[in-house]
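First residue of the sequence shown? That's 1151 in this note's numbering, and the numbers climb one at a time after it. Even for Gly, the Cβ is constructed at its ideal location relative to N, Cα and C. Keep in mind it's a predicted model, so treat the numbers as computed, not measured. What follows is a short report on a single structure.
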Amino acid sequence: MAINITAHKAVLSQLAPYNARLVAVSKTKPVEDIKAFYEAGQRIFGENYVQELVEKQAQLPADIEWHFIGHLQSNKVKYMAPFVHTIHAVDTLKLLQEISKQAAKHQRTINCLLQVHIAAEETKFGMDRQELQQLLEYWAANAPQFSHVRIAGMMGMATNTTNETQIREEFHQLHQLFGSVKSTFFNNHDYFRELSIGMSADYTIALEEGSTMVRIGSLLFGERNYNGK
Ligand SMILES: *Cc1c(COP(=O)(O)O)cnc(C)c1O
């Protein structure tokens, strides 16, 4: 096994002064590897693919807090609705409505993070500021449609670059946006408090820029055996 329990300990001690939490990103990795981190005390795991998440969840302890961190199509929400704790990459109104609808069927509330596009790279995922504003205005005006989701914060991914100044600036911008969204839409709502930023390569910068939740895969589980994901 290429897993690194020592790195897990080290990351946890780096997170502690910031009160930030670790989402251990286990995509493509076997359940045995997840069990090893579970035995080391890890309870929050993140997955990117719906079928993989559902298969793993069925084989692993029920007290794992599962986070879905990948791009999610509305028609697949139903498969994870019985158990998923937090969905990190919500970037359309339609998806948020569907999550609420499916969560209601199980009398559950699912935490959702709104994904904002902060990187310089072109990708179709994540909202720009205007789309975010529109989504939140609709949400605020139509609360009954969202009775089974809790907008718990925001999520973003920095540009894949070695330029630390650029990464820091992108995280910084998102943290500022988080603050203004909080004061405009969630002033009296303590549940809006998560800023999901930081991965293996940039989590120390993310912590300095206000991360409350880092999503770390390869540093813990070893490199993944495929490209581009
Ligand atoms: C895969 C993935 C991660 C983890 O990436 P590492 O570089 O392996 O730490 C974090 N966030 C998202 C959205 C991912 O898809």
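Check, Outcome
"Inter-residue CB distance, residue 1264 and residue 1285 (contact presumed, cutoff 8 Å)", "7 Å"
"Cβ neighbours of residue 1192 in the same chain (closer than 6 Å, five flanking residues each side left out)", "1174"
"Own chain, CB closer than 7 Å to residue 1199, minus 5 neighbours either side, in chain order", "1177, 1220"
"Alpha helix (DSSP H) segment containing residue 1358, residue limits", "1353-1358"
"For residue 1138, three-class secondary structure by DSSP", "Within the shown structure, residues of the chain are numbered from 1151 to 1379, placing residue 1138 beyond reach of any answer."
"Closer than 7 Å: residue 1245 CB and nearest ligand 1 heavy atom", "no"
"Nearest-angstrom Cα separation, counted from residue 1355 out to residue 1166", "15 Å"
"Contact check, residue 1153 vs residue 1303, beta carbons under 8 Å", "no"
"Distance between residue 1331 and residue 1202 (C-alpha atoms, nearest Å)", "33 Å"
"Short Cβ contact (8 Å threshold) for residue 1299 with residue 1250", "yes"
"Residue span of the alpha helix (DSSP H) that contains residue 1181, given as start and end", "1181-1189"
"Where residue 1204 falls: helix, strand or coil (DSSP)", "helix"
"Three CB pairs or more closer than 8 Å across the region 1338-1356 and the region 1302-1316", "yes"
"Pick from 1318, 1333, 1246 that is closest to residue 1292, judged by C-alpha positions", "1246"
"Bounding residues of the beta strand (DSSP E) (the contiguous stretch that carries residue 1272)", "Run containing residue 1272: none; DSSP gives neither H nor E here."
"8 Å Cβ cutoff met for residue 1162 and residue 1194", "no"
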